[in-house]
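Student: Count the sequence shown with my numbering and you get residues 3 to 181, in order.
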Amino acid sequence: MSSQMTPDQAKFLLALTLPTIKTEHATTMKVIQAIPLDKGDYRPEPVAKSGLELAWHIVAAENRFLSGICVGKLDFHTQPPAGFHQQLCKIARGLTSHFNTNVKQIEGLSGEQLAKSIDFRGMFQMPAVSFSGTFAKPYHPSSGTAFYYLRPMGGKVPSIYGESYDAAQARAAAEGKAS
């Protein structure tokens, strides 16, 4: 499968998707930061990724697709850093740093660069900018899976699209103490 896109269409698609990606990145960060480090090895079944492995997958995927747009090629050989289980906070900060760097670079790309075709593992090619809306979404299913791991891991579910139960409980407790 190969898609053709004009430079003007590529710039339009970027303008359409980038605000959502920026907003969803912040949402994903709340979920990743809510993973309790001492319970990060939780997995719902033996073949599932652990909570921290899932967090790493989210970090790597977001960076892979956004940086791939920047350089015109996807790199699928990213490995987690040694001791990443103990480094979740660093990983989260790194994700935001890479995200901001990639977004700034993407915003400066020409329409021609955004429309350039990028290969996805030999299965299909798409204009570079298409990977921003299709694959680089922080709200990718992996982020949703990490969200559902939080409570069984002993973590608190953050408010992301409205107040969560845990946030409501904390608010009620704070209001009860204040009165």
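Glycine included, C-beta positions come from ideal geometry on N, C-alpha and C.
(1) For Val131, which option in Met125, Asp121, Ala117 and Gly124 has the closest C-alpha, if you only look at C-alpha atoms?
(2) Using beta-carbon positions only, say whether Ile23 and Ala148 come within less than 8 Å of one another.
(3) For Phe67, report the span of its alpha helix (DSSP H) as first-last.
(4) Do the CB positions of Thr80 and Ile162 come within less than 8 Å of each other?
(5) CB Phe133 to CB Phe78, shorter than 8 Å?
(6) Kindly indicate the opening and closing residues of the beta strand (DSSP E) around Asp121.
(7) If you reduce the DSSP assignment to three classes, tell me which class Pro21 lands in.
(8) Would you report the Cα separation of Arg173 and Lys32, rounded to the nearest angstrom?
(9) Using 8 Å as the cut-off, can you tell me whether the segment 103-115 makes contact with the segment 40-56, which would need three or more C-beta pairs spanning the two stretches below that distance?
(10) Below 6 Å CB to CB, which residues in the same chain sit around Ser152 once its five sequence neighbours on both sides are set aside?
(11) Where does Gln11 fall in DSSP's three states?
(12) To the nearest angstrom, how far is the alpha carbon of Lys15 from that of Met155?
(13) Which same chain residues, not among the five before or five after Pro21, have their C-beta less than 7 Å away from its C-beta?
(14) Among His27, Ala175, Thr98 and Gly74, which one has its Cα closest to the Cα of Met128?
(15) Taking Gly53 as the reference, which of Leu39, Ala63 and Phe122 has the closest Cα?
(16) I need the boundaries of the beta strand (DSSP E) containing Pro48, first residue and last residue.
(17) Which word fits Leu111, buried or exposed, when buried means at least 16 other C-beta atoms lie within 10 angstroms of its C-beta?
Tutor: Put simply:
(1) Taking the sequence shown and counting its residues from 1, one reaches residue 131 at position 129. If we check each option's Cα against that of Val131, Ala117 comes out closest.
(2) Sequence index remark: in the sequence shown, residue 23 carries index 21 (1-based). Sequence index remark: in the sequence shown, residue 148 carries index 146 (1-based). It is not a contact, given that the beta carbons lie outside the stated cut-off.
(3) Here residue 67 corresponds to residue number 65 of the sequence shown, with the count starting at 1. Per DSSP, Phe67 belongs to the alpha helix (DSSP H) from Gly53 to Val73.
(4) Taking the first residue of the sequence shown as position 1, residue 80 is located at position 78. Taking the first residue of the sequence shown as position 1, residue 162 is located at position 160. No, the Cβ-Cβ distance between Thr80 and Ile162 is not below 8 Å.
(5) By one-based count along the sequence shown, residue 133 stands at place 131. By one-based count along the sequence shown, residue 78 stands at place 76. It is not a contact, given that the beta carbons lie outside the stated cut-off.
(6) Here residue 121 corresponds to residue number 119 of the sequence shown, with the count starting at 1. Element bounds for Asp121: Ser119 to Phe122.
(7) Looking up residue 21 in the sequence shown gives position 19. Of the three classes helix, strand and coil, the one that applies to Pro21 here is helix, per DSSP.
(8) Numbered from 1 along the sequence shown, position 171 holds the residue referred to as residue 173. Numbered from 1 along the sequence shown, position 30 holds the residue referred to as residue 32. About 17 Å.
(9) Judged by Cβ distances under 8 Å, the segment 103-115 makes no contact with the segment 40-56, as fewer than three pairs qualify.
(10) By 1-based counting over the sequence shown, the position of residue 152 is 150. Note that residue 152 corresponds to Leu in the displayed sequence, not to Ser. These residues qualify, in order along the chain: Ala36 and Val159.
(11) Along the sequence shown, read from residue 1 onward, the residue named residue 11 stands at position 9. Of the three classes helix, strand and coil, the one that applies to Gln11 here is helix, per DSSP.
(12) Position 13 of the sequence shown, counted from the start, is the residue given in the question as residue 15. Position 153 of the sequence shown, counted from the start, is the residue given in the question as residue 155. As written in the sequence, residue 15 is Leu, which differs from the Lys given in the question. Looking at the two C-alpha atoms, the distance is approximately 38 Å.
(13) Walking along the sequence shown from the start, residue 21 turns up at place 19. If the five residues before and after Pro21 are omitted, its C-beta is found closer than 7 Å to no C-beta atom of its own chain.
(14) Locating residue 128 in the sequence shown gives position 126, counting from the first residue. Cα-wise, what sits closest to Met128 is Gly74.
(15) Translated into the one-based positions of the sequence shown, residue 53 becomes position 51. When only C-alpha atoms are compared, the closest one is Leu39.
(16) Counting from one through the sequence shown, the residue named residue 48 turns up at place 46. Premise fails: Pro48 is in no beta strand (DSSP E) and is neither H nor E.
(17) Working through the sequence shown from its first residue, we reach residue 111 at position 109. Its Cβ being crowded by 16 or more others within 10 Å, Leu111 is buried.
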